[in-house]
Every structure is written in C-alpha cells, then in structure tokens.
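Residue numbers (this note's numbering): 4 to 484.
Ideal placement from N, C-alpha and C gives every residue a C-beta, glycine not left out.
Treat the numbers as computed from the prediction; the structure is a model and nothing was measured.
In structure tokens form, the structure reads like this:
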C-alpha cells in the first residue's frame, strides 16, 4: 500500500503521462492498481491483471500457449507424474532469469533438484535454437512491432549476443498469441526451435520490456518513439518487419580498476540501515519464545517446550516433528498461527541499544528494512520498542507482499528517499550473506556483515566487510560518520 501511494504521489506531483514497469516484482501490483493511476492521468503500460497472472504461473502459461494453437512442452508439477524422456527441465513455477532452473539427465537428478524448489514445473528438454520475440502493442492490444531475435549467447538468463531473424512463421504464430493475449505495450516471448523436428515450442511470456529489447529498438522497431507518438494523439499502425533483418548485437562488460591509494577514503556515513532478524536480536531467542507459546497449546505433552527446542537444534521442522511423533498433527494450524503471531520475549543483542542511542545523538539517520509476515514483524518491533530509536522502518511484506522481500531493491530505494542522502553515504548492516547485501551492493551502498556466533545463517564474502561483534561495529561507524 505504501509503495503504490508513493508512486501515485510521484506521478501526480510530476505530471507523469506514462509509467513503464521494467522489473518482475512490480508487475502484478501495478496491474491491480492500473485504473487508479488512470484516474489522475497517468497511464500504466502493463497488460491486464489476469494476463499477468498467466505469465507468473508457468502452468497457466503452458495452457495459454496450447489454447492459442501453439506447441509448448508438456508440463507437470509433480515428480511422480513426469512420464516423458530425459533430459528434462525443472524450474520454479514463478521463476525468472534462469534462477533455480536445471537441466536434469535422470530421475535421481530430477528428485534432487525438486527438493531445492518449493513449487516447480517439469518439462521435456527441447534441444534447439532459442529465440526471443520482442512484441510491442498499442493501448488496445493491437500489434505495432513483432521482432524475433535468435539468442546466440546467453548468461544467467540474459542475452549477450543476439541476431534479428525476421522469420515469417514466428511472426504469424505471435499474431495468434497477440489476438488472445491483447497486450498493453511490451511483452517478451521465449521460444525454442527443435533442431531435429524444426518444430517451434513456446516456453514463456514476460509482460514487460526484456533485457534485450534495446537490440530490437536499435534495429528499427523503435517502440519508445511509437509510445510517445501514441501519447501525443497520433494513430499508429502495425509495421511489418520494422527491424533490419540479420543485424547482430553484442553486449560487453567493462571493468574499471581503481587504485586503493586513490580510493582510500570512503564516503562519510550519514544513514545506517539495519536488518532486523538475527541482526538486532538473536533469532534463536525468538524461536525459543515461540516454542514456549506453542507448548501451552499442547498440554498433552508436559515436556513439549523441550521437545520443540531439541528438534530445532537438530535442524528439523520442530512443530511438525513433535506433533507428528505424538499423533497431534490436528493441532498444527493452531500451533503455527500461535507461533507466527505471538508477542515475543526478545532483547537487543549486547551493545545494540547503546549503538542506536549513540547514532541518534550523532544525528545519523537510522532505518530498518525487514522481511517477513506483517503481524509477526510488528510484534518484534513492538517488543524491542524500536520506533523510539529509529527514523524509518520498512516491512517489505507490508510494502508490496513477499515479492518485495530482499534481494528486491525497492525497499532500499524508498529508504534512500526517506533518508534524503546519496546511496554512497548509506551503510546496510545485515546477517544473511545470500540475500541481505545484493541490493545494497548494486545500488552503491556500503555493506557490513555482522557475524554473531549464534547466527542462524552462516557464510562470508570477500566483497562484504565482516565484523564479529557490536563493539567492532560501533567503533567503525563512529570513525566514519
């Protein structure tokens, strides 16, 4: 709710004519609120909500392709139901950028990778040439540009080298798709042409500009210009094969080395942003507090609290384990809800409260960005009385749902606006190396890993400054503010 309201305020105050989503996290949220933006004159260049939902769930995407009369690999969402040949391909139902997408060569590999993904689909692996089709439509869903590109080189799901291929069959197939989908603005379609049968298998739809869209634009399918003309009242008609056929574009990375002698002094710290869980307090302390609450719901077991803690220490799903072993699984929903919503008995880690007070006295902006269920996070915030010590708290689920959790960078961008300082003058302090520091690093913030002995998440990175205790952190911050 806060995110949408903030966007509306920005659009209204700056007379924004069109809002163009470019990242997956925004798509469903903006589709749901599309009409409310239109009420004050800002068009959102995104397809309808039901179409975004089709794109987000790859089972629905597969059914949609089938309904358009297009070939698509047979899809199942259960290992036990997969009956096709190997190799196969397994990926998250709502995945993107090839994250957690695996080619598997046998049943054992399939089962192993299925255990890594909570919700997945399985499809037969199609070996052949990969194509991306950049499609741009007007606000009524009529096609303006259809530009097929062969993906010649790919890294982490993003194209590095691409060739414009004005293939008549692909273009006609995409016209069928457009007729059924009625896109608003850009969509990007992925397709594979089987090298043995020469049949085209459609894989997925992304309802936004793809990372390689500038290639089609540069080749002649100038969708930004068409969009501006459309907003200015010009009638825009379909332009067949607008991009020059056969053009090849390549991306390249550029690394710049700066001497330590030149870059010795870091920018002063003007804003300190903390993670909450396991950074400001011990997550294990929260778990024990929750188990105490749950144990009160299991009077049948006099030692329930002990059993829950023992299961947790063994790395087991404690509530499930204890209830299952004692034939009490009928109490699971009640116990899980109580755990999630209990008011925790937690305390600041040693030295954290003193650090917050010292930073506040030094006029440093203090913020918190935390993931998790809204009520549970609010109870932790109340238990620690955090609003007394910090300037801004963002619960990512409250901002826009689970998709806004780290490593999504939206909360960090909003926090930077709240702090009103450049990213380079901000530092983020967290404990989870796998997700906490992705967005801060990309945005140019300083990052510090606070590695307590009892952290639930372990791991170090040479790229992240690591500190062993709060005293070391306090000393570093006070020297650099």
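Cβ pair residue i, residue j closer than 8 Å
i           : j           : result
residue 149 : residue 174 : yes
residue 215 : residue 285 : no
residue 189 : residue 233 : no
residue 171 : residue 203 : no
residue 351 : residue 387 : yes
residue 381 : residue 410 : no
residue 430 : residue 276 : yes
residue 3   : residue 94  : A query on residue 3 cannot be resolved here, the shown segment of the chain reaching from 4 to 484 and no further.
residue 484 : residue 367 : yes
residue 289 : residue 349 : yes
residue 180 : residue 73  : yes
residue 282 : residue 434 : yes
residue 325 : residue 314 : yes
residue 135 : residue 213 : yes
residue 403 : residue 32  : yes
DSSP bridge partner residues for residue i (one or two, in chain order)
i           : result
residue 175 : Answer is none; residue 175 lacks a bridge partner.
residue 275 : 369 and 430
residue 91  : 107 and 127
residue 450 : 431
residue 133 : 195
residue 418 : DSSP lists no partner for residue 418.
residue 469 : 452
residue 165 : 154 and 252
residue 395 : 370
residue 138 : 149 and 190
residue 79  : 125
residue 21  : 46
residue 85  : Bridge partners of residue 85: none, in fact.
residue 284 : 351
Close beta carbons around residue i, own chain, < 6 Å, minus the five adjacent residues each side
i           : result
residue 467 : 440, 450 and 452
residue 196 : 131, 132 and 203
residue 67  : 57
residue 273 : 424 and 428
residue 479 : none
residue 477 : 358
residue 406 : 28
residue 17  : none
residue 97  : 59
residue 265 : At residue 265, the pLDDT of 48 sits below 50, so the modelled position is not reliable; the number obtained from the coordinates is stated separately. If we look at residue 265 and ignore the five residues flanking it on each side, it has no Cβ neighbours.
Neighbourhood of residue i by C-beta distance below 7 Å, restricted to the same chain and skipping five residues each side
i           : result
residue 270 : 427 and 428
residue 474 : 354
residue 90  : 106, 107, 108 and 128
residue 337 : 300
residue 443 : 415, 431 and 450
residue 36  : 7
residue 312 : 291 and 294
residue 2   : Absent from the structure is residue 2, since the part of the chain shown begins at 4 and ends at 484.
Sequence-distant residues of the same chain with beta carbon closer than 8 Å to residue i, five excluded per side
i           : result
residue 377 : 398, 400 and 401
residue 248 : 167, 168 and 169
residue 63  : 56 and 57
residue 185 : 50, 51, 54, 140, 143 and 144
- Message: When you compare the segment 362 to 373 with the segment 324 to 336, are there three or more beta-carbon pairs, one atom per stretch, that lie closer than 8 Å?
- Response: no
Given 8 Å, three or more beta-carbon pairs between the segment 393 to 404 and the segment 291 to 301: no
Fill in: Length at least 4, wholly inside the segment 325 to 371: the alpha helix (DSSP H) runs in chain order
335 to 344 and 355 to 364
Worksheet item: Would you call the segment 364 to 383 and the segment 416 to 435 in contact, with 3 or more CB pairs under 8 Å?
Response: yes
Just checking, does the segment 54 to 62 make contact with the segment 23 to 32 on the three C-beta pairs under 8 Å criterion?
yes
Q. Along the chain, which unbroken stretches of the beta strand (DSSP E) at least 3 residues long are found entirely within the segment 169 to 215?
A. 189 to 197 and 203 to 209
*Given 8 Å as the limit, is there contact between the segment 40 to 55 and the segment 72 to 86, that is, 3 or more CB pairs closer than that?*
no
Quiz item: Hey, is the segment 111 to 126 in contact with the segment 137 to 146, meaning 3+ C-beta pairs nearer than 8 Å?
Solution: no
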